[in-house]
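Below is one structure, written out as structure tokens; the observations come after it.
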Amino acid sequence: MRIVTVRRISQAFFLILFLWLCVASSFGTQWWQLRGWPVNWLLQLDPLVALGVVLTTGTLYAGLLWALATVLLTILLGRFFCGWLCPLGTLQHLAGYVGRRGRSVSLKIGDNAYHPAQKIKYWILLLLLSAAAGAMLARGARALWQAPSLFWTAVAVTGALLLFSLKRFPKRHRRVTGAFLLLAGIWAATAFLYSVESLVAASLQTGLLDPIPLVTRSVNLVLLPLADASTQTLSPVQRYYQGGWLIGAVFLAILLLSLRIPRFYCRFLCPLGALFGVLGRYALWRVGTTCDECVRCGLCEAHCEGACEPSREIRASECVLCMNCLHECRHNVVTYAPRPSAAGEKPLPDLSRRGFVAAAVSGVVLAPAFRLSGFTASAWNSGVIRPPGALDEGDFLARCIKCGQCMRVCPTNIVHPAGLESGVEGLWTPVLHFRIGTSGCQLNCTACSHVCPTAALRPITLDEKLGLGDHASAGPIRLGTAFVDRGRCLPWAMDRPCIVCEENCPVSPKAIFVEEHFRTVRGGVLEVGRADSLTVEPAPWPPDPGRFANGDYFLVLPGIDEAPRRIAGHDGTRFSIAKDRPWTAPPPLGSRLEIQVRLQLPRVDPERCIGCGTCEHECPVSGKRAIRITAENESRNRKHSLLASSRIKR
Amino acid sequence: MKTPSSPSPDPRDMDRREFLKRSARAGLAMGGAVALSYALYDPRGPGASSGEAETVSLPDFSVPGTSGRLSVATGDDRAKALRAALKALGGMEAFVRPGDRVLLKVNAAFATPPALSATTHPDLVKEATRLCLEAGAASVIVTDNPINDPSSCFTLTGIGKAAQEAGAKVALPKESFFRPVTVPGGRLIVEWPLLHEPFRGIHKLIGMAPVKDHQRSGASMTMKNWYGLLGGRRNIFHQDIHNIIKELALMVKPTLVILDGVVTMKTNGPTGGSLSDLEATRTLIASTDQVAADALGATLLGKTPADLPHILAAEAAGAGVSDYESLHPARVQAG
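In order, the protein sequences belong to chains P and H.
Under our numbering, the residues of the first sequence are numbered 82 to 731, in order.
Under our numbering, the residues of the second sequence are numbered 294 to 628, in order.
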């Protein structure tokens with residue numbers, strides 16, 4: 082079988098596998114739903130996810146170890162992942178094929194010429210990684226400042242190099258000068274990191290552009306809900322995702338661009354591709370020409386996906402191993418072999434020192450600059466309610482890759498990609514939205530915390546979520562607290578009995594309790610006409626008297642008998658009250674008579690409320706709800722506590 | 294392959310050497326990746342809370358053999374009154390040894406001028422610093438975590454200037470100065486941020502507070518003054534004000550407390566804001582027993598310990614005695 086056929090089979094296989102795993106990342110009783118399917122496998126194979134989390138946390142979380150396999154194979158073979166596996170690469174590959182069908186060979190060759198802007202992706206990679214590494218660098222800087230031996234060693238080395246370079250400088254000994262400049266740069270950087278310690282942050286932003294989270298997010302939050310809209314087979318009700326249009330627009334733009342410029346994203350933007358380019362620096366096998374018999378016909382470049390110029394000095398780091406050049410070459414001089422290309426090789430693009438430093442420094446400064454807004458400190462947004470198991474905001478932002486797996490898996494469709502409500506850093510991270518979706522956060526569900534590939538939502542047990550067993554002393558995990566808006570609430574503001582919120586509160590004992598209150602209705606101050614101990618003829622006879630006989634309305638005789646009597650019915654001129662509680666004496670003629678409504682006013686017990694949002698979801702004030710969750714009292718940050726007592730006593 | 298016509302080495306040989314070199318590098322890179330993954334592998338993921346800072350506790354600053362001392366000086370001049378009250382307790386020498394580093398915890402809560410008596414009076418800060426230095430103290434540090442903006446507070450209350458003139462240093466609270474503290478048996482102060490940095494290397498602690506009206510707790514005196522050692526959103530403890538004051542009294546075992554009732558804020562506390570809120574009560578209390586000092590100070594507000602549950606709670610918890618007469622207070626006149 083020809084190698085390009087094998088590659089196509091591999092691409093098709095992984096694309097279908099990927100789509101399948103996205104479909105399977107759902108919660109339900111069907112065989113094709115979560116049943117131990119390795120739904121995060123592609124995300125786990127992605128070494129940029131693993132590297133990002135390693136840089137922000139210093140740990141390699143469980144399944145991310147899969148990335149090691151990709152790394153090892155890339156070191157041996159080069160960017161096989163891009164050409165053979167990456168679903169976003171495959172989709173662009175397809176789009177590029179479709180978009181350029183019928184174009185002349187010479188135009189196609191032109192499309193695939195190397196462009197210097199292909200360097201941009203390395204700068205993006207560097208920028209994202211240095212933003213992630215900020216906290217780690219700062220820890221290093223602090224260690225340097227605090228350990229005298231390290232400090233003086235560093236000073237001595239710098240001094241020695243300074244002397245050495247000054248001595249050598251006239252001879253233009255560039256290496257030593259370079260090393261000195263590098264050291265000076267490191268000193269400046271450590272001084273900066275040390276001085277902005279309180280702003281130093283590990284901000285994981287790789288997920289914005291990392292193709293695997295990007296394509297996962299796009300499929301989960303845009304393509305699947307759109308594809309499923311007509312048949313509703315994947316989900317019994319339409320899935321919604323706030324701001325999904327932007328995610329869709331990015332995805333569409335990537336595909337549209339690749340119609341004209343093959344693999345536009347891979348070539349110019351993809352930080353994962355850049356990482357693979359670096360990892361494959363010493364790849365043993367690589368594409369190249371065998372001898373001088375190449376006639377430079379250029380056919381090999383007509384379908385070159387990576388724009389790596391295989392007929393000339395091949396740019397090894399750009400080659401995505403599509404193998405089209407091997408297939409196209411009429412002279413059989415292009416091979417994939419463990420030897421250098423006869424036409425020469427350029428292993429890595431020449432990133433200028435200036436560009437390199439600019440990208441790295443920008444990355445390091447980026448995270449502290451983001452934190453200036455105070456989103457992770459005193460200006461935290463209590464409108465941002467994170468899913469159960471979410472780490473404290475700083476730690477959360479150090480791990481979340483914005484893949485959307487939690488949003489896809491949530492059975493109630495309440496986990497949504499954030500816009501800018503949790504800061505620029507929080508774009509597309511999961512937040513709860515209780516109006517969209519089918520309920521609040523389900524009491525007995527921990528799906529999102531277990532599907533999270535990086536433990537930004539750490540895996541929690543049901544006992545931990547509910548505060549049972551070993552977790553009894555810590556109490557349940559609270560996402561926030563419900564607040565009643567007394568100006569919007571039907572019983573509080575509009576004399577209408579309701580308490581749907583109390584009814585639906587899933588906590589036992591309920592976090593929402595009611596206060597009974599009798600309130601005179603509008604136009605309900607009347608006079609007693611003829612009356613006996615069970616009936617009364619009011620004057621004037623109120624309009625629509627039937628509505629007062631529904632069990633919620635009572636008659637009160639202020640100053641005479643203030644105990645409310647339930648209105649049991651009316652016969653056209655008189656109200657009758659419930660027979661079991663007659664008035665002791667017939668109400669006197671002309672005395673004041675009031676129709677009162679029995680209200681149960683909902684109130685929230687902050688010690689019991691877990692912020693699940695069921696009340697907000699159910700509230701019949703369907704626009705801006707009359708009971709709403711905000712993140713006050715959320716478990717993940719004690720500084721957000723509402724109550725003085727540090728532990729909830731059971 | 295064509296036979297080489299030049300004496301250059303066999304290209305296949307070159308290839309082999311190049312291949313071996315690359316293999317070695319690739320092997321190294323792979324080994325590095327495996328080793329790094331092994332070293333950083335974390336099968337379980339993060340716990341409920343990320344690595345919190347180590348908790349700290351405050352040492353006992355009291356001087357052995359000085360417990361239960363209480364003196365009351367009467368007068369209008371705070372400096373003279375303080376000198377007289379301390380003399381009656383055995384002199385500052387009884388508490389501060391040569392070479393000691395002393396921390397003065399003042400009440401600098403509000404950015405108001407000293408005339409309004411919402412904060413520790415600068416005359417007292419100055420005189421206390423002098424007394425410490427005269428007793429041989431190596432250094433005196435003045436600190437508080439005020440409610441209003443810290444640097445404004447220390448400037449407008451006159452405390453900052455007074456401290457510097459007398460030779461003390463002011464420690465303004467910084468974010469990095471706080472460490473979590475837990476009061477043994479406490480229910481409220483559990484891993485709560487404490488203004489800890491100024492306590493480093495400190496041998497003696499003196500609390501200095503004015504007597505003030507306080508709606509929520511009934512009175513603000515020396516025990517409530519320790520509230521200013523807490524950080525975080527400490528005002529959530531107003532939900533349980535008497536217990537937080539009790540826990541504060543258990544958290545801090547001072548060398549000495551000084552309660553300024555030369556002027557008492559009778560109304561509109563604890564901020565005051567008008568001279569009409571104040572009354573000259575001409576009393577300055579110094580004691581090694583914070584509960585007794587506050588019980589005595591309460592009388593200036595026309596209250597008894599029974600009106601102030603935190604005094605009884607602190608006494609029941611063993612922080613001191615509320616029956617100040619049982620300590621036989623030394624009563625002295627100062628000018």
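Yeah, the Cβ is synthetic: ideal placement off N, Cα and C, and Gly gets one too.
These figures come from a predicted structure and were not determined experimentally.
Query, Result
"Pick from H:493, H:358 and H:627 that is closest to residue 267 (chain H), judged by C-alpha positions", "The structure shown has nothing for residue 267 (chain H), since chain H only spans 294 to 628."
"Min CB distance residue 327 (chain H) to chain P below 8 Å", "yes"
"Cα-Cα separation between residue 598 (chain H) and residue 580 (chain H), rounded to whole angstroms", "17 Å"
"C-alpha distance - residue 345 (chain P) paired with residue 522 (chain P), whole-angstrom precision", "40 Å"
"Chain H within 8 Å of residue 705 (chain P), Cβ atoms only", "no"
"Proximity test, Cβ basis, 8 Å: residue 219 (chain P) and chain H", "no"
"Coarse secondary structure for residue 514 (chain P), derived from DSSP in three states", "coil"
"Coarse secondary structure for residue 273 (chain P), derived from DSSP in three states", "helix"
"Backbone secondary structure at residue 596 (chain P) - three-state DSSP", "strand"
"Pick from P:116, P:661 and P:476 that is closest to residue 213 (chain P), judged by C-alpha positions", "P:476"
"Contacting positions in the segment 557-569 of chain H - beta carbon closer than 7 Å to chain P", "none"
"Interface residues of chain P facing residue 312 (chain H) [CB-CB closer than 8 Å]", "365, 419 and 420"
"Residue range of the unbroken beta strand (DSSP E) whose run includes residue 311 (chain P)", "Looking at the DSSP string, residue 311 (chain P) is not in any beta strand (DSSP E), and its letter there is neither H nor E."
"N- and C-terminal bounds of the beta strand (DSSP E) containing residue 558 (chain H)", "549-558"
"Contact with chain H by residue 539 (chain P), beta-carbon distance below 8 Å", "yes"
"Residue 376 (chain P) (DSSP reduced to helix, strand or coil)", "coil"
"Endpoints, beta strand (DSSP E) assigned at residue 677 (chain P)", "673-685"
"Inter-residue Cα distance where the pair is residue 440 (chain P) and residue 209 (chain P)", "9 Å"
"Neighbourhood of residue 602 (chain H) by C-beta, 6 Å cutoff - its chain only, sequence neighbours within 5 removed", "535"
"Simplified DSSP state of residue 108 (chain P), which is helix, strand or coil", "coil"
"Per-residue contacts from residue 465 (chain P) into chain H (C-beta, under 7 Å)", "Near residue 465 (chain P) there are no residues of chain H at all, since even the closest Cβ is about 18 Å away, more than 7 Å."
"For residue 378 (chain H) and residue 589 (chain H), the rounded distance between their alpha carbons", "14 Å"
"is_contact[residue 476 (chain P), chain H] using C-beta, thresh 8 Å", "yes"
"Three-state secondary structure assigned by DSSP to residue 544 (chain P)", "helix"
"Within chain H, partners of residue 279 (chain P) - CB distance below 8 Å", "468 and 469"
"Where residue 398 (chain P) falls: helix, strand or coil (DSSP)", "helix"
"Element boundaries [alpha helix (DSSP H), containing residue 380 (chain H)]", "371-382"
"Beta strand (DSSP E) segments (min. 3 residues) lying fully within the segment 380-422 of chain H", "394-399"
"Residue 635 (chain P) - containing beta strand (DSSP E), residue span", "634-638"
"Cβ contact (3+ pairs, closer than 8 Å) linking the segment 698-714 of chain P and the segment 644-660 of chain P", "no"
"Straight-line gap, residue 475 (chain H) to residue 541 (chain H) (C-alpha atoms, nearest Å)", "11 Å"
"Contacting positions in the segment 131-142 of chain P - beta carbon closer than 7 Å to chain H", "135, 139, 140, 141 and 142"
"Residue 596 (chain H) in three-state terms, based on DSSP", "coil"
"Extent of the continuous beta strand (DSSP E) run through residue 497 (chain P)", "496-498"
"Close beta carbons around residue 670 (chain P), own chain, < 8 Å, minus the five adjacent residues each side", "609, 610, 611 and 612"
"Residue from P:693, P:205 and P:514 whose Cα sits closest to the Cα of residue 437 (chain P)", "P:205"
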